[in-house]
Structure formats: structure tokens, C-alpha cells
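Quick note on my numbering: the sequence shown kicks off at 407 and runs consecutively. For glycine and all other residues, C-beta sits at the position ideal for the given N, C-alpha and C. Every value quoted in this text rests on a predicted model; they were computed, and no experiment measured them. Reviewing the structure listed below.
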Amino acid sequence: MTEIVCRRNFLARRMPEGALGELKMQPMHAEITSCRENCVGNANRPAMRRILLRGLIIFFLSAPYAFPIDELVPPFGFRWTDSMARVEAVLHGAKAKISSREKKENREVWTVEGLVHPGLKRTLFTFKQRALVAVELQYEYPDWSIERYNQRMGEIRKYFDEKYGTGKLVSRSRDNDTDVIQTLVGYQWMVGTTMLELFYFSAQHDKLVYRTITVDYKAL
407 MTEIVCRRNF LARRMPEGAL GELKMQPMHA EITSCRENCV GNANRPAMRR ILLRGLIIFF
467 LSAPYAFPID ELVPPFGFRW TDSMARVEAV LHGAKAKISS REKKENREVW TVEGLVHPGL
527 KRTLFTFKQR ALVAVELQYE YPDWSIERYN QRMGEIRKYF DEKYGTGKLV SRSRDNDTDV
587 IQTLVGYQWM VGTTMLELFY FSAQHDKLVY RTITVDYKAL
């Protein structure tokens, strides 16, 4: 109120008498307008908060789809560059068995059995400079027909396509030149500096049939 009174006195001294009545009303009009704007603003605050809250909820729900995946991560909770010691400790805790350790040039490959996952026969862990760089899952279903294998391949491929984009066909071959008929179908997904490969392989000699599906995670 002190500021309003000062403004009134200042303006009254400088302006002609005829304009005094009009100017005396201006501070009061400004005060009423300010009050009205504050009331409207206060009334709109709950609605604005609701809109902001909805926006935040939509943002966080859509975040996994809005931001692309930078790289693939290996299965079973491992991380790229995990040390041999850490991988072995985790496998020991899961009661899995390292059935073989094979050195190939500058790499070492472990064949592991006993990891619990439907149809998982064995898992290959590859290390370079003692750090994890690849994990290959090998699935076998002895009682399945070729139709069931094809169905399973389609399901896995669709899942990866939806998650990482359409995969690239890298192999489709059938070898009938020998007594053993071999079929190989493979797809590939590139995600950042990592790669995922899905393969179906079968070998048949008369009534003897071997079939497998492999899922291979690699850090490039």
C-alpha cells in the first residue's frame, strides 16, 4: 500500500487537475487486475500439476522405446570384459560344470554344462586376454520334429526382430552331395559394437538326425 500511495501522490503533483480523477483510478485498477490474475493462476495450478504428472508418467513409460539400445549384454547376468575368475565363480555358484577349457590362438573357450534353461544343452564362453568376449547358447530338443524346430526358430527370430530390428540373413544352405544331408540357416543382428547370431543346423544320415539351435552373443 505504501508503494501505491507514493505513486498516486507523484502522479497527482505532475498532471493537470482534470486528469486527476482518471489517474487516481489507475493504481486501483492495476491492483484489481493483478489480484484477478493471481486468482486465476492459483486456480489453474492443480490442473497444470496434473498435466505435468501425466507427461512425466508417459515419458518414463515410453523411455525404453524412445532410446535405442547401445549394445547387447551377454545372458545370465554377465557383462562384457568380465574376468575369468568372476565367470568361474558365478558358474560355481550356479552349480554348472566346466567340462573343457580349450585354447585357440589368443582366445580360450570354456564348454559349460548344467546352466538351467529349457532345452539348453551346453554353453560356450570365449575369453580374449582373460576377458569375456562371447557367449554361445546351444539348444537341443531330442523329441522335437523338424516342424517344431522351424516353429521355435521363427519365434526366436521374431523376438529378436522386435527388440533389435530386422535381422540380416547370413546363411541358408542345404548340402545333399554326401551321405549326410546338412542344413544351415542363420540370421545376424548388429547392435553398436556387439553382434547377435541365430543359427539352425541339422545333419541327417538315414534315420539318424542331429538338430540344434544356437544363439551367439559377441563383443566386437
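Cutoff 6 Å; reference residue i; Cβ partners in own chain excluding five residues on either side
{"i": "ARG617", "result": "TYR555, SER608"}
{"i": "ILE619", "result": "TYR545, TYR606"}
{"i": "ARG580", "result": "THR589"}
{"i": "GLU508", "result": "VAL515"}
Rounded straight-line distance, which links the Cα of residue j to that of residue i
{"i": "MET490", "j": "LEU526", "result": "22 Å"}
{"i": "LYS613", "j": "VAL591", "result": "21 Å"}
{"i": "ILE587", "j": "SER577", "result": "16 Å"}
{"i": "LEU602", "j": "TYR623", "result": "5 Å"}
{"i": "LEU626", "j": "VAL541", "result": "12 Å"}
{"i": "ASP476", "j": "TYR547", "result": "33 Å"}
{"i": "VAL615", "j": "ASP585", "result": "12 Å"}
{"i": "ILE552", "j": "PRO524", "result": "18 Å"}
{"i": "GLN596", "j": "GLY571", "result": "What sits at residue 596 in the sequence shown is Met, not Gln. Distance between the alpha carbons of MET596 and GLY571 is about 9 Å."}
{"i": "ARG528", "j": "ILE504", "result": "10 Å"}
{"i": "PRO480", "j": "LEU543", "result": "10 Å"}
{"i": "LEU497", "j": "LEU478", "result": "21 Å"}
{"i": "TYR565", "j": "LEU604", "result": "11 Å"}
{"i": "GLY573", "j": "GLN557", "result": "17 Å"}
{"i": "ILE562", "j": "LYS569", "result": "11 Å"}
{"i": "GLY499", "j": "TRP550", "result": "31 Å"}
{"i": "TRP486", "j": "ASP567", "result": "22 Å"}
{"i": "ASP488", "j": "THR600", "result": "15 Å"}
CA nearest to the CA of residue i, picked from the options
{"i": "GLN535", "options": "PRO548, GLU511, SER505, HIS523", "result": "GLU511"}
{"i": "PHE531", "options": "THR517, HIS523, VAL522", "result": "THR517"}
{"i": "ASN582", "options": "ASP549, ARG558, TYR565, GLN610", "result": "GLN610"}
{"i": "SER506", "options": "HIS498, VAL496, GLU519", "result": "GLU519"}
{"i": "LEU538", "options": "GLU494, LYS569, ILE562", "result": "GLU494"}
{"i": "VAL621", "options": "MET559, THR487, ARG492", "result": "MET559"}
{"i": "PHE533", "options": "ARG513, ALA500, THR600", "result": "ARG513"}
{"i": "LYS501", "options": "PRO481, VAL522, GLY571, ARG492", "result": "VAL522"}
Contact set for residue i: own chain, Cβ-Cβ below 7 Å, skip 5 residues either direction
{"i": "LEU575", "result": "TYR593"}
{"i": "GLY598", "result": "ASP476, GLU477"}
Cβ neighbours of residue i in the same chain (closer than 8 Å, five flanking residues each side left out)
{"i": "GLY483", "result": "VAL496"}
Contact with chain C by residue i, beta-carbon distance below 9 Å
{"i": "GLY560", "result": "Within the model displayed, chain C is absent; a lone protein chain is all it includes."}
Of all the beta strand (DSSP E) runs that stay within the bounds of the region 485-526, which reach a length of 3 or more residues? The qualifying runs are 503-510, 513-519.
What ranges does the alpha helix (DSSP H) occupy inside the region 530-597, keeping only unbroken runs of at least 4 residues that lie completely in it? For the region 530-597, whole alpha helix (DSSP H) runs of length 4 or above, ordered along the chain, are 552-570.
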